[in-house]
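Step one of this worksheet: look at the structure below.
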Amino acid sequence: MKKNASSSIKARLKSFSYAFKGFKHLVINEPNFKIHLVAAGLVFSAGFYFQIQVIEWALLGICIGAVLSAEAFNTALELLCDEISPEQNPTIGKIKDMSAFAVLIVSLVALAIGCLLFIPYLSDAFSQNFS
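In this text, residue positions in the sequence shown follow numbering that gives the first Met the number 0: the first is 0, and each later residue adds one.
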């Protein structure tokens, strides 16, 4: 029984290595993922600068996680579609367009939440510095 538990732990650790390989691929090969990572870094920096509240951190974490996940799923789906049908295919094109639109939806919602969260902080900072 102990051997199964040990191999189960090893299997779980190996599954993490696959996840990090996927992350590495996204960072190296996907310009849109890099853009989202830079945006996430800027948002985190702004959060530290403005000393946002715990619930605000939670909202940002959910938004950032959703956007990065959507981009990863979009990339995976595009790679799968390209593997299934390397030639031009109208149905595959629609699938890829819809997947890209899903990323856009999540990104716009995250942007809206970020604006709702940060505009009051930016307004206060602006009024304190220029009044």
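Note that CB positions come from ideal geometry on N, CA and C, so glycine has one too.
Local Cβ density within 10 Å of residue i, reported as buried at 16 or more and exposed below that
i           : result
residue 88  : exposed
residue 129 : exposed
residue 19  : exposed
Inter-residue spacing [alpha-carbon to alpha-carbon] between residue i and residue j
i           : j           : result
residue 92  : residue 104 : 18 angstroms
residue 12  : residue 6   : 10 angstroms
residue 28  : residue 48  : 31 angstroms
residue 101 : residue 58  : 19 angstroms
residue 23  : residue 41  : 20 angstroms
residue 73  : residue 127 : 42 angstroms
residue 0   : residue 119 : Residue confidence for residue 0 is low, a pLDDT of 46 falling below 50, so the modelled location carries little weight; the figure read from the coordinates is stated next. Taking the straight line from one Cα to the other gives about 57 angstroms.
residue 99  : residue 79  : 14 angstroms
residue 83  : residue 117 : 43 angstroms
residue 53  : residue 33  : 26 angstroms
Extent of the continuous alpha helix (DSSP H) run through residue i
i           : result
residue 84  : First-last for residue 84: undefined, no H or E at that position.
residue 51  : First-last for residue 51: undefined, no H or E at that position.
residue 125 : 89-128
Beta-carbon proximity list for residue i, same chain, < 6 angstroms, skipping 5 on both sides
i          : result
residue 65 : 105
residue 77 : 95
Contacting residues, own chain, Cβ-Cβ under 7 angstroms from residue i (five flanking each side not counted)
i          : result
residue 35 : 66, 67, 70
residue 56 : 46
residue 31 : 70
Cut-off 8 angstroms between Cβ atoms - residues of its own chain near residue i, not counting five sequence neighbours on either side
i          : result
residue 85 : none
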